[in-house]
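These protein sequence lines map, in sequence, to chains A and B. First residue of the first sequence: 217, per the working numbering; consecutive thereafter. First residue of the second sequence: 16, per the working numbering; consecutive thereafter. Every residue gets a Cβ at the ideal spot worked out from N, C-alpha and C, and that includes glycine. On a predicted model such as this, the values are computed, not experimentally measured, just so you know.
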Amino acid sequence: MSNIINIKKGLDLPVEGAAALRITDARHIATYAMKPTDYVGLVPRLLVAEGDAVAAGDALFCNKEDERIRFTAPVSGHVKAVVRGEKRRLLAVVVEKDESAARPAQLSGDLKEQMLQCGLWTMLRQRPFGCVPNPNVKPKAIVISCFDSAPLAPDYDFALQGREDDLCHGLEALASLTDGTLYACFRPGQRMARSVEQLSKSSKKDIQVRYFNGPHPAGNVGTQIAALCPINKGEVVWTMNPQDVAVLGHLVTTGEYRPEKVIAVAGPQIKNPHYYRIIAGAAVESIAKSQTLNPDYPQMVEAQPMQGSRLISGNILSGTTIAADSFIGGYDSLLSILPEGDYYDFMGWLMPGLQKFSFSRTFWTGFVPKWLHCIYPEMPQCLTPKFDTNTHGAWRPLVVTGSFERVFPFDIYPMQLIKACIIGDIELQENLGIYEVEPEDFALCEFIDTSKTEIQPVIRQALEILRKEAL
Amino acid sequence: MQMNNLRNFFDKIKPTFSEGGKLSWLGSTFEGFESFAFSPNTVTKSGSHVRDGVDLKRTMITVVIALMPALLFGMWNIGYQTSLHAENWPYELGTAASWWYCLLFGFVRMLPMIAVSYIVGLGIEFTFAQIRHHDIYEGFLVTGIIIPMIVPVTTPLWQLALAVAFAVIIGKEVFGGTGMNFLNPALVARAFLFFSYPTHMSGDQVWIAAKMNPFSTDALTGATTMGELSTGINPSASALDMIIGTVPGCTCETSVIAIALGAIMLLVSGIASWRIMLSVFIGGGLMGGLFNIIGANAYMQLPFYYHFIMGGFAFGAVFMATDPVTSAQTNCGKWVYGLLIGAFAVLLRVLNPAYPEGMMLSILLMNCFAPLIDHCVVSRNIKMRQRRAKLNQGKEVQA
């Protein structure tokens, strides 16, 4: 089997404003939060009260169904607030950093025990369902995607610069959690891949390196699992973000839980997008406020920071909208900032729309051939596609066929599966391969969809019903 | 500036039509007009925060634009055919039929048909949208223009109105409206006319309008190539005439060149499936070729490519078979679907003298079978998945 896998179906959105390779240290941020809403299907049990002193790695809340799964404070300090929403639903536990209270967390037991204790376990995600895995189950494989192909995605080579050893140790530790293979997936030519290649040769464990070529979603772990070890009913595959693997590597070598990561802050109208080194769960307010926005960007009413912009924890295709005073999501390494598009567009369906990006070639941007971009890498501004949150049309029934297949690199019929999810036919969903997908795998389908159907929520809903039935 | 005034006007009257307003029962209608003038200001809620520029309006208007060459040529050809066959063609305008007079003649004949089609069809669509409290869906934008393009020019307007109403209600709305129907509504309209008023839809006396008056159903004698063939006469038109389209036929289906222009537009924009388009021609060619080999009668001996340029084959392949709602939805299914349409169309033409034009019935037939084709294609995928699961279970047992 070849090491290089070519993904042909997919789409790279030409969004401007990717982060420049420069890091600002933002580890001084004062407030942090753990948000139960970041974790699929989690029913939390609160373990602390406002004002309690906590150390980094102390549990804030745990999973009600399995109390071994603990969600811990990323920093030492005291609990500043317990945020609740409707029906007293726990939304966030906010911790104010206070270095004086720091004391090293005492970890004991084997690797799994240690991960569970310090909360690193919750950084694992299982397929299907996308939830935190059950510690009693052994996965048939672990797949780590070491690159992100989403629009504006962070470059993990850069984010993990100097931490390659941590990554390797982390991978080796993870490999001991499965009887199957651990796959580390890279883009061809990625620098980090070299150290992992060496690891896979020297390690006694079954660690394999695979390379994925092609457009987004080549970097989605779902695409990689589908190509390497498709999930059948009853099987489980685990995944983890490479930055969290490095945190694990640090844990196994030093015994210290230090959930640091580098996040990209990017967006089309940001003037100097770049990276920030933060501690997981950091408040984004100071970062967001420090961005200067480009007043020339269309639909930007004024150059006031964050006026008319949307903060997204994660990428613009499948991330979560967060408020300006909120916190970066547990699994995310990207803070996207996108202009809101709540404007009326005069005869938008008829106008040339030179700046509207479309996959469908009913707009200029859709059929600009690739070679034209090679000859003129710098398209004039009036022809460069602009992105915002406008839906560009209202909801309609699903009419167009054959387009999803072009951005969906699975051996699955996307339209049929989506329809099976809409009508709630569980047997059909299983037959059509619902266990192999996560909502994010449908992000591009949702993007190109002519009918403006909200596909990702539909898939999540269907998966949640299946997950609850499987319990 | 005017744009802003229009926007302000909409904003001003919007509360009247919104829930709780006096005219809230006309909400869908208002929304239809508002979103016609302005793409809505709705923003994404979750999931994909950015969306593609295309929407159903854009898709449909692109198809309508792709139909324009065929429509314009069809209008001209209506006048041209009359000028060829009429004895009292207005000589005061010159001995030769000037092209613009032909076009004017055709325009006067076509415009009322298009108007009737849109008024009746959209009227029903608006009513249904209003009753169901949803937006006006754009499906009829295309259907409404196609129906007058695929009927004889002398079709009485009241028949057209009936056919449109039948197509929209029975062909589409009873199944839930746009996106839910299984038969192509435009072809349902044509089939309705074909079986209800056969004398107005076939023979020699329907294809050429005698008068510029749109309410006149007087026709001049002139048979289509297929009409001639089915009655055993050798075709009078040359292949070149049929490619250019200067032959009698349904209003806008005659010119292969104009249709090809539309096809290019549809293929470049990616709206129509090239798989279906290509496979219809392959299917027709194969069946035509088979008949060439058998060669039992004059019709069978007709070179197979004649089928592509006669009658509605090209128009059907480009604009009707490719309807995404009623065609097969899987890529593999699209090949089968297209091949069978082409094959059946030629089969019906050659072997069934009762129906000179096989394209309409062939597409409607395959519309019915499209879900079955898809079912077979999808089952294969399901079986593959079940096999894989079993294989893996076996492995685990061994281990």
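Please confirm whether residue i has its beta-carbon closer than 8 angstroms to some beta-carbon of chain A.
| i | result |
| --- | --- |
| B/Arg400 | yes |
| B/His417 | Only positions 16 to 414 of chain B appear in this structure, which leaves residue 417 of chain B out of reach. |
| B/Tyr321 | no |
| B/Leu71 | yes |
| B/Asp67 | yes |
| B/Ser61 | yes |
| B/Ala206 | no |
| B/Ile286 | yes |
| B/Thr74 | yes |
| B/Arg403 | yes |
| B/Pro84 | no |
| B/Ala52 | yes |
| B/Pro30 | no |
| B/Ile93 | no |
| B/His64 | yes |
Between residue i and chain B, is the shortest Cβ-Cβ distance under 8 angstroms, so that the two count as touching?
| i | result |
| --- | --- |
| A/Arg612 | yes |
| A/Phe402 | no |
| A/Leu533 | yes |
| A/Ser525 | no |
| A/Ala242 | no |
| A/Asn510 | no |
| A/Thr617 | yes |
Taking the alpha-carbon positions, what's the residue i to residue j distance?
| i | j | result |
| --- | --- | --- |
| B/Ile165 | A/Cys445 | 52 angstroms |
| A/Ala289 | A/Leu376 | 22 angstroms |
| A/Glu315 | A/Val264 | 19 angstroms |
| A/Val463 | A/Thr439 | 25 angstroms |
| A/Asp279 | A/Ile479 | Residue 279 of chain A is actually Asn in this sequence, not Asp. Spanning the two alpha carbons is a distance of roughly 27 angstroms. |
| A/Arg403 | A/Ile591 | 25 angstroms |
| B/Ile356 | A/Glu594 | 46 angstroms |
| A/Ala246 | A/Ser292 | 11 angstroms |
| A/Val517 | A/Arg474 | Caution applies to A/Val517, whose pLDDT of 45 falls short of 50 and renders its modelled position unreliable; the value that the coordinates give is listed next. Each residue's Cα considered, the two are about 41 angstroms apart. |
| B/Arg2 | A/Ala235 | Summary: the structure shown does not reach residue 2 of chain B, with chain B confined to residues 16 through 414, and so no result is reported for it. |
| A/Tyr559 | B/Leu71 | 19 angstroms |
| B/Tyr370 | A/Lys449 | 52 angstroms |
| B/Ser39 | A/Ala610 | 19 angstroms |
| B/Lys349 | B/Thr214 | 35 angstroms |
| A/Asn510 | A/Glu232 | 12 angstroms |
| A/Tyr694 | B/Thr59 | This structure gives no information on residue 694 of chain A, because the portion of chain A shown stretches from 217 to 687. |
| A/Arg410 | A/Asp241 | 27 angstroms |
DSSP three-state label for residue i, please.
| i | result |
| --- | --- |
| B/Ser54 | strand |
| A/Asn279 | strand |
| A/Ala482 | strand |
| A/Arg407 | coil |
| B/Thr44 | helix |
| A/Thr163 | The requested residue 163 of chain A does not occur in the structure, where chain A is confined to residues 217 to 687. |
| A/Tyr491 | strand |
| A/Asn429 | strand |
| A/Lys635 | helix |
| A/Pro601 | coil |
| A/Leu306 | strand |
| A/Tyr248 | strand |
| A/Thr469 | helix |
| B/Leu406 | helix |
Residues from the region 333-347 of chain A in contact with chain B, defined by Cβ distance under 9 angstroms: none
The region 297-313 of chain B touching the region 109-128 of chain B, judged by at least three CB pairs closer than 8 angstroms: In the pairwise beta carbon analysis, the region 297-313 of chain B is classified as not touching the region 109-128 of chain B: fewer than three pairs are separated by under 8 angstroms.
Interface positions of the region 553-583 of chain A facing chain B (Cβ-Cβ less than 7 angstroms), listed along the chain: Leu554, Glu556, Gly557, Asp558, Tyr559, Tyr560, Asp561, Phe562, Met563, Gly564, Trp565, Leu566, Gly569, Lys572, Phe573, Ser574, Phe575, Ser576, Arg577, Thr578, Phe579, Phe583
Stretch-stretch touch, CB-based, cutoff 8 angstroms, three pairs: the region 142-153 of chain B with the region 42-60 of chain B: Three or more beta-carbon pairs separated by less than 8 angstroms link the region 142-153 of chain B to the region 42-60 of chain B, which places the two stretches in contact.
Interfacial residues, the region 622-634 of chain A to chain B, with Cβ spacing under 8 angstroms: So the close ones are Asp627, Ile628, Tyr629, Met631, Gln632.
Cβ-based contacts, 7 angstroms cut-off: residues of the region 127-148 of chain B near chain A: none
Meets three-Cβ-pair contact criterion under 8 angstroms: the region 241-258 of chain A and the region 389-403 of chain A: no
Contacting positions in the region 414-435 of chain A - beta carbon closer than 8 angstroms to chain B: none
Contact set between the region 334-351 of chain B and chain A, restricted to residues whose Cβ is under 8 angstroms from the partner: Pro339, Val340, Ser342, Gln344, Thr345, Asn346, Lys349
Residues of the region 439-462 of chain A with Cβ closer than 9 angstroms to any Cβ of chain B, in chain order: Pro446, Asn448, Lys449, Gly450, Glu451
Short-range partners of chain A found in the region 272-283 of chain B, where Cβ spacing is below 7 angstroms: Val283
Interfacial residues, the region 187-203 of chain B to chain A, with Cβ spacing under 9 angstroms: Gly191, Gly192, Thr193, Gly194, Met195
Selection of the region 461-491 of chain A by Cβ proximity to chain B, strictly under 9 angstroms: Within the region 461-491 of chain A, no residue qualifies.
Chain B contacts made by the region 646-659 of chain A, where a contact means CB separation under 8 angstroms: Asn647, Leu648, Gly649, Pro655, Ala659
Where the region 378-395 of chain B meets chain A: residues whose CB sits under 7 angstroms from a CB there: Answer set for the region 378-395 of chain B: Val393.
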